[in-house]
Amino acid sequence: MSGHAEVVDFYRSYGTESFVDAEPLYAHVCRELGDHPSLVELIAAHDPEAQQPNLLFAAVHYLLLSGLEHPLRQIYDGALDEPVTPAFADLVVTNRAAIDELLRTRRTQTNEVGRAAILALMLSDASKRAKRPLAWIDLGASGGLNLNTDHFRIEYKVGERVLTTGPANAGLTLQCEVRSGSPDIAPAHPPVSWRVGIDRAPIDVTNAAEARWLQACLWPSQPERQARLTTAIEIANRMPPRLIAAEAVDGLANAMAQVPADTALVVTTSWVWFYLPEPTRQAVLAMMAASDRRVRWYSLEAAGVVNELGYEGEPSVIDSVVGRVELGGGEPIEAAVLGRSHPHGAWLEWC
């Protein structure tokens, strides 16, 4: 994608599909982009990876969160009832140097804390199967916020009941609606004695500017996600996650070499496998399969992305499939679909 017409068509598709219900402000901008040639020209001047709508919106949001005074801030906040696209285009063109720099140097990072509600069930399942303390590798960890999952309190609404797991005095409480099935929800999180996150460009959430980028990648009309993220960042500042900056294969090799011998190894991915090229996926799988210890890989990915699960439901980019693949240790591969969930952990259907 390089020409102006291609950029307009690409953004219009986001405005009529991806953003239309989830973020109306962004949907308006995407549909009306063609009315602002200077904005189209700016986007088209970048490499295809930097032309992604989510990246441009994050760059604009970052400037506003950094204190830039512009009418778009009031429009985002709902305090000014004006058309969003002219204001958006004005901000981008007026601040072109800053926007260009962000598009060149940044990539979208969505460290969605709500997914901890699903990750907690994965860790619980692994603990019950292994009956040993866990060593946890989170592949594609972003800022590593979800590595503190066992320090969060999670409320699962099961029919008329609310079942909780995690400390009562936790700084962050998450909610998840269990729509079907009966996941085993224990009052306490399982013991995790060792943990590390891997990301090609990890976010240092103890750095205010870096943490602000994570906040910028969230959408302005979802204040509840912003509140969760802010609290999770505060917790991570007290308990900084350990992160390895590396591509998936090298980072996993590095981490697996450090796993304590007396632990059960768990690898998690949440909306990461979707973005890995097929050769990288195969290399990661081969590494886990060749391990002399059993590896339990838990995934929260779009339907149909993890082929090893053999998922036969309808493909979807809205829902996620929760899966477990056990491999390595000289034993056959075992795979199971554990359930379906909202991609941000708002609800769960357990098998």
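The numbering used here puts the sequence shown at residues -5 to 345. Just so it is clear, CB atoms sit at the ideal spot from N, CA and C, and this is done for glycine as well. Note that the structure is a prediction, hence the values are computed from the model and not measured.
Let's test the definition: count the other Cβ atoms within 10 Å of the Cβ of Leu270 and tell me whether it reaches 16, buried, or not, exposed.
buried
Which whole runs of the beta strand (DSSP E) in the region 133 to 208 are 3 residues long or more, in chain order?
147 to 152, 155 to 159, 167 to 174 and 186 to 193
For Thr263: DSSP bridge partner residues
Ser293
How many angstroms separate the CA atom of Leu168 from the CA atom of Ser285?
Each residue's alpha carbon lies about 35 Å from the other.
Check Leu270 in the structure and name its three-state DSSP category.
In the three-state DSSP reduction, Leu270 falls in the coil class, being neither helix nor strand.
Three or more beta-carbon pairs under 8 Å between the region 117 to 125 and the region 56 to 65, yes or no?
no
CB of Arg290 within 7 Å of CB of Val260, strictly:
Cβ atoms of Arg290 and Val260: closer than 7 Å.
Let me check one thing: in DSSP terms, what residues is Gly333 bridge-paired to?
DSSP output for Gly333 lists Val316 and Trp344 as bridge partner(s).
So for Ala240, helix, strand or coil by DSSP?
Ala240 falls in the coil class under three-state DSSP.
Ala221 lies in the alpha helix (DSSP H); which residues open and close that run?
Pro217 to Arg232
Please classify Pro214: does DSSP put it in a helix, a strand, or coil?
It is coil, neither helix nor strand.
Considering only residues of the same chain and omitting the five flanking positions on each side of Met376, which have a CB-CB separation below 8 Å?
Since the first and last residues shown for the chain are -5 and 345, residue 376 lies out of range.
Rounded to the nearest angstrom, what separates Gly324 and Ala283 at their Cα positions?
8 Å
For chain C, find out if any of its Cβ atoms is closer than 7 Å to the Cβ of Ile112; answer yes or no.
In the structure shown, chain C does not exist; there is a single protein chain.
Is the number of C-beta pairs between the region 20 to 33 and the region 74 to 89 that are closer than 8 Å three or more?
Judged by Cβ distances under 8 Å, the region 20 to 33 makes contact with the region 74 to 89, as three or more pairs qualify.
Whose C-beta lies closer than 8 Å to the C-beta of Glu272 among residues of the same chain, with five residues either side of it excluded?
Cβ-Cβ distances below 8 Å link Glu272 to nothing in the same chain once the five nearest sequence neighbours on each side are left out.
Across which residues does DSSP place Leu321 in a beta bridge pair?
Val289
Could you tell me whether the region 325 to 332 touches the region 99 to 108, using the rule of 3 or more Cβ pairs below 8 Å?
no
Checking the sheet assignment: what are the DSSP bridge partners for Glu328?
Glu320
Environment of Val278 [buried if 16+ CB atoms lie within 10 Å]
buried
Rounded to whole angstroms, what is the Cα-Cα separation between Pro18 and Ala297?
25 Å
One question on the structure: do His183 and Asp144 come within less than 7 Å of each other, judged by their Cβ atoms?
Yes; because the gap between Cβ atoms is below 7 Å, this pair is in contact.
Mapping DSSP to helix, strand and coil, what is Ala258?
Here DSSP, grouped into helix, strand and coil, assigns Ala258 to strand.
Exposed or buried, Leu294, counting other C-beta atoms within 10 Å across all chains shown (16 or more means buried)?
That one is buried.
Pairing CB atoms from the region 147 to 159 with CB atoms from the region 170 to 182, are three or more of them under 8 Å?
yes
First through last residue of the alpha helix (DSSP H) which encompasses Leu58
Pro47 to Leu59
Are Val107 and Leu223 close, meaning C-beta to C-beta below 7 Å?
yes
Straight-line CA distance for Leu113 to Tyr8?
29 Å
Could you tell me how far apart the beta carbons of Leu321 and Gly333 are, in whole angstroms, since I believe they sit closer than 8 Å?
In this structure, Leu321 and Gly333 do not form a Cβ contact; the two beta carbons are roughly 20 Å apart against a cut-off of 8 Å.
Counting only the same chain and skipping the five closest in sequence on each side, list residues whose C-beta sits under 8 Å from that of Leu303.
Correct list, in chain order: Ser293, Val315, Gly317, Val319, Ala329, Ala330 and Val331.
Does DSSP put Leu279 in a helix, in a strand, or in coil?
helix
For the putative contact between Cys211 and Ala52, defined by C-beta atoms under 8 Å, what is the C-beta separation to the nearest angstrom?
5 Å
Would Val34 and Val1 be called neighbours here (beta carbons separated by less than 7 Å)?
Against a cut-off of 7 Å, the Cβ pair of Val1 and Val34 comes out as a contact.
Straight-line gap, Pro234 to Thr200 (C-alpha atoms, nearest Å)
7 Å
Can you name the residues that DSSP bridges to Ile131?
Val190 and Val261
Cβ separation of Ile192 and Ala226, assumed to be a contact under 8 Å, to the nearest whole Å
About 19 Å; that fails the 8 Å criterion.
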